[in-house]
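K.L.:
Which chain is which? The protein sequence lines are A and B, in order.
When we follow this note's numbering, the leftmost residue of the first sequence carries the number 20, and every step to the right adds one.
When we follow this note's numbering, the leftmost residue of the second sequence carries the number 5, and every step to the right adds one.
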Amino acid sequence: MTKFKGNKLFALLLAVSSVVIIAGIILYAVLGFNTANDKFNGYRVDVNYNVLIDLNKQEEDLGKVCEDAFAQNGLHFTEKQVLNSVDSSSMNETVDKLITYTFGAGTSEEALGKAVAAINAAVGSGTEYADAEVFARWHGLEGERFYDPAWRGAIAIAVAVLVALGYITARYGVSLGVAGLACCAHDALFTVALLAIVRFPVYTFTPVLYASVAAFMSVVLWLILASKCKEGFKAGEKKGEEIVRSAVKECRKSVLFTALAFGAGILVVGAIAAGGTALAVLPAILAVAVPIYSTLFLGPEVAIAIRTAIEKRREQKKGGYTGKKKAENQAE
Amino acid sequence: MSKVKSAVALTLITILILGMCFMCTVSFSYGTDRMYTFNSVVSMLTKDAKLGGQLADGENYLGGGYTAVYYPEGVISAQQYEDDLNALKETAANAAAADKAEAEEAVGKYEAKYIRYPDANGPICLEKETVCGSENGTEVTEEFKKNFQNAVSQFRTRYEGLHLEDVKLQIADDYTVAVTVPAYTGAQGVILTQFAYTGAFNMGYGSDAASATKLTLAKGETVRDYVKGAHASFNGSTYFVVIDLTDAGRQVIADWTASAAETAVTMYFYVGDNALISLSVNETIDENTLGISGSYTDETSKVVALAMDTALRGAETDLTFRVEDVVRTHAGFSDLALTLIYVSAGLLILGMLAFFFLRYRGLGLAHLYTFLIWFFLMLFIVWGVPQLHLGIETLLALILGGALLAVSDVMTYEAARKEYAMGRTMASAVKAGYKKCFWRLFDLHIAVAVLGVLLFAIGLTELSVFGLTLCIGAVLSGLGSLFVSRFHWAAFLSFVSRDGKGKFCNFKQEVEDDD
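(1) Relative to the C-alpha of glutamate 78/A, which residue among Leu200/A, Lys116/A and Leu208/A is closest?
(2) Would you mind giving the Cβ-Cβ distance between tyrosine 75/B and glutamate 328/B, rounded to the nearest angstrom? I have them listed as a contact below 8 Å.
(3) Counting C-beta neighbours from all protein chains within 10 Å, is the total for arginine 38/B 16 or more, i.e. buried, or is it exposed?
(4) Given a threshold of 16 other Cβ atoms within 10 Å of its Cβ, counted over all protein chains shown, does isoleucine 45/A qualify as buried or as exposed?
(5) Of all the CB atoms in chain B, is at least one closer than 7 Å to the CB of glutamate 163/A?
(6) Return the chain-ordered list of same chain residues with a C-beta closer than 7 Å to the C-beta of tyrosine 424/B, the five sequence neighbours on each side being excluded.
(7) Given a threshold of 16 other Cβ atoms within 10 Å of its Cβ, counted over all protein chains shown, does aspartate 177/B qualify as buried or as exposed?
(8) Less than 6 Å between C-beta atoms, sequence neighbours within five positions excluded: which residues of the same chain meet that for tyrosine 300/B?
(9) Starting from the Cα of phenylalanine 29/A, find the closest Cα among Leu315/A, Lys331/A, Glu334/A and Ala328/A and give me that residue.
(10) Counting C-beta neighbours from all protein chains within 10 Å, is the total for methionine 426/B 16 or more, i.e. buried, or is it exposed?
(11) I need the boundaries of the beta strand (DSSP E) containing glutamine 100/A, first residue and last residue.
(12) Along chain B, which residues have their Cβ under 9 Å away from the Cβ of lysine 311/A?
(13) Determine the chain A residues that contact leucine 351/B at a beta-carbon separation under 8 Å, and present them in chain order.
(14) My assumption, with CB atoms under 8 Å, is that threonine 296/A sits in contact with phenylalanine 337/B. Please give the rounded CB distance.
(15) Which bits of chain A does tyrosine 70/B rub up against, with CB to CB less than 9 Å?
(16) To the nearest angstrom, how far is the alpha carbon of tyrosine 40/B from that of valine 457/B?
(17) Taking any Cβ of chain B, which residues in the segment 238-252 of chain A have a Cβ under 7 Å from it, in chain order?
(18) At 8 Å on the CB atoms, spell out the chain B contacts of methionine 295/A, in chain order.
(19) I'd like the list of long-range same chain contacts for lysine 218/B, defined as Cβ closer than 6 Å, with 5 residues on each side in sequence excluded.
(20) Alpha carbon to alpha carbon, how far is threonine 184/B from asparagine 151/B? Give it in angstroms, no decimals.
(21) For glutamate 115/B, does the count of other Cβ atoms within 10 angstroms reach 16, so buried, or fall short, so exposed?
(22) How is the alpha helix (DSSP H) around methionine 382/B delimited, first residue to last?
(23) Of all the CB atoms in chain A, is at least one closer than 7 Å to the CB of aspartate 518/B?
(24) Of all the residues that make up the segment 166-190 of chain B, which are near chain A by a beta-carbon distance shorter than 8 Å?
(25) Run through the DSSP bridge pairs and tell me what threonine 71/B is partnered with.
(26) Would you mind working out which of Thr327/A, Ile216/A and Cys202/A sits nearest phenylalanine 235/A, comparing C-alpha positions?
(27) Using DSSP's beta-bridge definition, name the partner residues of arginine 63/A.
(28) Since lysine 133/A sits in a beta bridge, which residues does DSSP pair it with?
(29) Quick check: what's the CA-CA separation for leucine 409/B versus valine 239/A?
(30) Using alpha carbons as the reference points, say which of Gly56/B, Thr15/B, Asn43/B and Ala236/B lies closest to isoleucine 345/B.
(31) Tell me which residue opens and which closes the alpha helix (DSSP H) that serine 265/A is part of.
(32) Check for me: the alpha helix (DSSP H) holding cysteine 202/A runs from which residue to which?
(33) Kindly list the residues whose CB is nearer than 7 Å to the CB of glutamine 198/B, restricted to its own chain and excluding five residues on each side of it in sequence; keep chain order.
(34) Kindly indicate which residue of Ser305/B, Trp260/B, Glu303/B and Val73/B has the alpha-carbon position closest to the one of valine 285/B.
(35) Taking Cβ positions, are alanine 315/B and valine 275/B nearer each other than 7 Å?
(36) Find the residues of chain A that neighbour glutamine 192/B, judging by a C-beta separation of less than 8 Å, and give them in chain order.
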């Protein structure tokens with residue numbers, strides 16, 4: 020009955036994981052990740068002005084002129100920055116400055132054109148800004164993506180996980196090593212698949228980072244369980260399945276506490292840090308949570324399956340051994 | 005450990021921690037008129053383009069990046085157009101009566117020369133003859149579009165090949181290219197200017213780059229029949245641009261430098277019309293590989309090699325580009341981001357210590373000392389190791405490394421607690437606890453360090469930085485939890501009476517009543 024339950028649970032977990040991972044791969048292939056955070060595509064309005072502007076008052080007023088023009092044309096900017104121009108040959112900052120306003124990808128070009136024309140009319144010759152040579156322009160931006168870091172990252176994670184788990188296999192045996200490898204691969208894939216499915220906005224560089232955090236967590240949590248199993252295997256008093264199941268029970272608290280310790284760090288930084296940092300750090304919580312599932316549910320079932328097969332084979336070998344008897348018969 | 009030894013050791017360690025804390029966090033100015041500034045390690049940490057911060061001198065800003073716009077020939081910014089037009093109009097207005105007509109004609113000609121794109125309020129102006137094919141053209145020619153696309157493809161290969169994080173390439177206004185490079189490279193000027201060079205790769209020799217005799221190609225030949233490629237290399241602290249020649253290329257160079265022993269020859273290597281390298285030769289060169297050193301750094305050698313290699317292999321383009329509108333950008337995640345990261349790190353450390361002091365009372369001091377040493381060492385390492393800088397990936401690796409140390413200490417403390425509960429003495433419980441945990445923690449840290457070092461070696465950009473930080477953090481965490489923390493534990497316990505040791509660590513013995 021227990022075995023039946025275990026097999027059924029394993030099949031269910033495997034099905035859930037497979038569905039999520041396959042759906043994630045398909046969605047990634049079709050849509051990629053939601054990399055809206057990068058602001059690769061969108062619009063920008065640059066308002067250039069020189070040092071003759073009265074920095075204390077006019078700079079602020081200029082901002083108001085621009086923002087009024089945007090409001091009148093129904094435009095909402097997402098970011099405003101005051102930047103320094105740089106001399107392109109010496110790369111030193113000059114006294115000329117610019118205010119940049121960032122707009123989303125769905126912004127109307129016509130409205131931007133009108134707003135920019137209104138700003139230029141308000142700050143042109145004959146106005147108090149004339150000496151500062153204020154000039155506004157809008158830009159449409161379309162990002163080009165780099166794929167090298169993503170595929171090299173995938174290879175790096177695969178190789179790193181294989182080598183780290185090779186070490187675990189050498190130290191803890193085949194069943195725990197292979198199950199750990201399965202957990203690691205599962206966690207890395209499951210984490211990025213979830214990100215692709217839920218369409219949570221990420222930065223281009225973060226999915227591969229989350230996958231490596233998941234692999235790291237997977238190694239840490241799996242080793243907690245594996246060391247407990249190893250103790251049981253060493254004692255050799257119980258069957259593999261029993262040892263693994265009791266190790267899962269005994270380690271549940273440790274695994275949860277460890278995951279909580281790592282998760283708390285990410286949560287605190289994510290909760291306090293500013294917008295961009297939070298958006299980059301917070302999804303890593305997924306990479307901490309997924310390995311709990313694989314360590315406590317999926318991995319043990321894989322380890323049990325392999326361990327049982329190994330034990331069966333050993334027993335068969337023991338049962339089939341007739342060398343000594345044959346030798347005795349021959350001697351007689 | 006005797007009380008005296010412990011007192012001396014703990015005093016020295018406390019001084020060390022306070023010293024590290026001071027160096028890491030305190031910045032101040034000193035000297036006459038405060039002309040010198042001591043910058044803390046935290047303020048001097050190299051920051052990526054997403055983070056950034058002002059140094060204590062108030063002038064230098066670390067982090068952020070530089071953006072520039074590449075304008076192809078025939079395309080100018082609307083501001084440039086307006087400035088030029090206003091200047092011409094002013095000349096016409098101030099011109100003497102005899103010259104007025106000519107000046108006004110110049111204004112008209114200039115207005116007719118360009119078309120604003122994509123509409124009358126557009127951000128760029130296209131020169132009709134160059135971009136639209138004729139003086140009266142209004143549509144961009146297919147040839148220009150193809151050339152522009154080829155140039156973009158070349159820029160893309162170059163910027164991607166840099167393998168630097170926070171590098172951005174965007175098509176701006178359909179016919180210009182906006183590029184962003186992080187400030188931490190230190191080679192942003194070289195990157196922005198040399199990557200803008202387009203055109204074919206070539207080489208030549210002569211007295212100056214403009215009049216040098218260039219390689220003449222026979223019908224059906226390409227430069228690739230002479231040059232295989234270019235890459236960066238280094239030997240110790242000397243960086244090279246290496247040019248790989250074919251046998252035909254080797255022969256050409258040997259011919260050019262045949263008389264170099266008597267009269268020095270200068271060789272030039274071009275991308276388009278721009279000489280990227282000029283090499284003075286005093287002896288005959290007869291090699292298949294040409295290693296050219298100069299004042300190259302790791303990054304500048306890569307930039308020059310990449311620019312030449314992509315010119316050699318990339319799609320051809322006739323367009324030349326100008327670098328304009330260069331701007332210094334601040335932290336992409338806002339200037340407040342770094343401060344909030346420091347605040348959250350402080351809160352995180354406080355939370356962790358609260359847990360340790362509540363659960364282990366005085367033993368929390370052992371963890372506090374170990375953690376602070378680990379933390380400040382990590383800050384010094386991130387500051388000192390050239391491959392590392394402060395970014396989101398470093399932050400994540402530091403969180404994971406710190407948590408690894410905390411979890412490892414909890415594991416050993418809990419193991420010792422169990423042993424103590426079973427009736428052992430404190431010294432014996434600590435010994436047994438560490439013995440029980442040693443291999444478990446050893447394996448944990450080794451596996452994480454291996455994971456980290458391979459991510460560093462194979463991964464690129466953020467993943468590589470994450471891997472290296474994680475690897476160093478895991479090694480230090482392993483040493484910290486297995487040796488340093490144990491030492492601190494012993495040192496602190498030496499001040500506690502025999503009966504108070506359990507209370508000091510908040511450990512209890514399960515005393516079985518024989519009766």
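The beta-carbon is built from N, C-alpha and C at its ideal position, and this holds for glycine as well.
P.N.:
Taking the structure as given:
(1) Of Leu200/A, Lys116/A and Leu208/A, the residue nearest in Cα terms is Lys116/A.
(2) Indeed, because the Cβ distance is near 6 Å, the residues count as touching under 8 Å.
(3) Its Cβ having fewer than 16 others within 10 Å, arginine 38/B is exposed.
(4) By the neighbour-count rule (16 or more Cβ atoms within 10 Å), isoleucine 45/A is not buried but exposed.
(5) So, interface residue.
(6) Take tyrosine 424/B, set aside five residues on each side of it, and the residues of its chain with a beta-carbon closer than 7 Å to its own are Met430, Ala433, Gly506, Phe511 and Gln513, in chain order.
(7) Taking all protein chains in view, the Cβ of aspartate 177/B is crowded by 16 or more other Cβ atoms within 10 Å, so the residue is classified as buried.
(8) Closer than 6 Å at Cβ, skipping near neighbours: Tyr243.
(9) If we check each option's Cα against that of phenylalanine 29/A, Leu315/A comes out closest.
(10) Sixteen is the threshold: since fewer than 16 other Cβ atoms of the shown chains lie within 10 Å of the Cβ of methionine 426/B, the residue is exposed.
(11) 98-105 is the span of the beta strand (DSSP E), which, as asked, contains glutamine 100/A.
(12) Lysine is not the amino acid found at residue 311/A; the sequence shown has isoleucine there. Under the 9 Å cutoff, chain B gives no residues; its nearest Cβ is about 14 Å from isoleucine 311/A.
(13) By Cβ distance, chain A contributes Val287 and Ile291.
(14) About 5 Å separates the CB atoms of threonine 296/A and phenylalanine 337/B; that is less than 8 Å, so the two are in contact.
(15) The CB of tyrosine 70/B comes closer than 9 Å to the CB of Val105 and Met110 in chain A, given here in chain order.
(16) Rounded to whole angstroms, tyrosine 40/B to valine 457/B spans 39 Å at the Cα level.
(17) Closer than 7 Å at the C-beta level to chain B, one finds these residues of the segment 238-252 of chain A: Val238, Val239, Leu242 and Ser246.
(18) In the sequence as presented, methionine is not what sits at residue 295/A; that position holds glycine. Within chain B, the residues placing a beta-carbon under 8 Å from that of glycine 295/A are Lys54, Gly336, Phe337, Ser338 and Ala341, ordered along the chain.
(19) By the criterion of a C-beta distance shorter than 6 Å, lysine 218/B is surrounded in its chain by Asn206 and Gly208, once the five residues flanking it on both sides are discounted.
(20) C-alpha of asparagine 151/B to C-alpha of threonine 184/B: approximately 22 Å in a straight line.
(21) Using a 10 angstroms sphere on the CB of glutamate 115/B, the tally of other CB atoms stays under 16, which defines it as exposed.
(22) Per DSSP, methionine 382/B belongs to the alpha helix (DSSP H) from 367-388.
(23) The predicted position of aspartate 518/B is uncertain, since its pLDDT is 48 and thus under 50; no value can be drawn from it.
(24) Listed by position, the residues of the segment 166-190 of chain B near chain A (Cβ gap below 8 Å) are His167, Glu169, Val171, Lys172, Leu173, Gln174, Ile175, Ala176, Asp177, Asp178 and Ala182.
(25) Paired residue(s): Thr184/B and Val331/B.
(26) It is Cys202/A whose Cα lies nearest to the Cα of phenylalanine 235/A.
(27) Its beta-bridge partners are Thr121/A and His158/A.
(28) DSSP output for lysine 133/A lists no bridge partner at all.
(29) Computed Cα separation, rounded: 12 Å.
(30) Here the closest residue by C-alpha is Gly56/B.
(31) 259-291 is the extent of the alpha helix (DSSP H) around serine 265/A.
(32) Where cysteine 202/A is concerned, the enclosing alpha helix (DSSP H) stretches over 193-217.
(33) Leu280, Val307, Val308 and Ala311, listed in sequence order.
(34) The shortest C-alpha separation from valine 285/B is found at Trp260/B.
(35) Alanine 315/B places its beta carbon less than 7 Å from that of valine 275/B.
(36) The contacting residues are Met110.
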